[in-house]
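A.B. asks: According to full-length UniProt numbering, the residues represented by the sequence shown are 1 to 97, in order.
Think of the CB as a built atom: it goes at the ideal place given N, C-alpha and C, for glycine as much as any other residue.
The structure displayed is predicted, hence computed values, not measured ones.
Please find one structure pasted underneath; my questions will follow.
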Amino acid sequence: MLSEELIARIQNETDLAALIQNYIPLQEGRKALKGNCPLHDDNLSFMVMPAKNVFKCFGCGTEGGPIEFLSLITKKTKDEAAEILAQHAGISAKRSA
Numbered sequence: 001m002l003s004e005e006l007i008a009r010i011q012n013e014t015d016l017a018a019l020i021q022n023y024i025p026l027q028e029g030r031k032a033l034k035g036n037c038p039l040h041d042d043n044l045s046f047m048v049m050p051a052k053n054v055f056k057c058f059g060c061g062t063e064g065g066p067i068e069f070l071s072l073i074t075k076k077t078k079d080e081a082a083e084i085l086a087q088h089a090g091i092s093a094k095r096s097a
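Structure below.
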């Protein structure tokens, strides 16, 4: 399991909007970016708040940060998703016992 400190660092150093745009297109909104939720069929119910580095789908209620998004979209565990993001950010992700 990864430490809470390491998970927080990975979340903070990952640009969520850029990560999500690898999977779905996002449109500019007033305070958020919006798009179709990649987890279900719906129109523009998926919002990304870059200032807070979080996402929320107002259709299905799914929300979170970079680790949660990658975990959901790739069907990997949160630790596996965190390790992938850490590797991309050049962060050493060693599991604690």
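(1) Taking only three categories from DSSP, how would you classify L33?
(2) Between which two residues does the alpha helix (DSSP H) harbouring K78 extend?
(3) Kindly list the residues whose CB is nearer than 8 Å to the CB of L16, restricted to its own chain and excluding five residues on each side of it in sequence; keep chain order.
(4) Using CA coordinates, which residue listed in E5, T14, C60, G29 is at the minimum distance from L85?
C.D. replies: Let's see:
(1) Residue state for L33 is assigned as strand, using DSSP reduced to three classes.
(2) Run containing K78: 78 to 89, per the alpha helix (DSSP H) assignment.
(3) V48, P50, N53, V54, F55, G65, P66, F69
(4) T14
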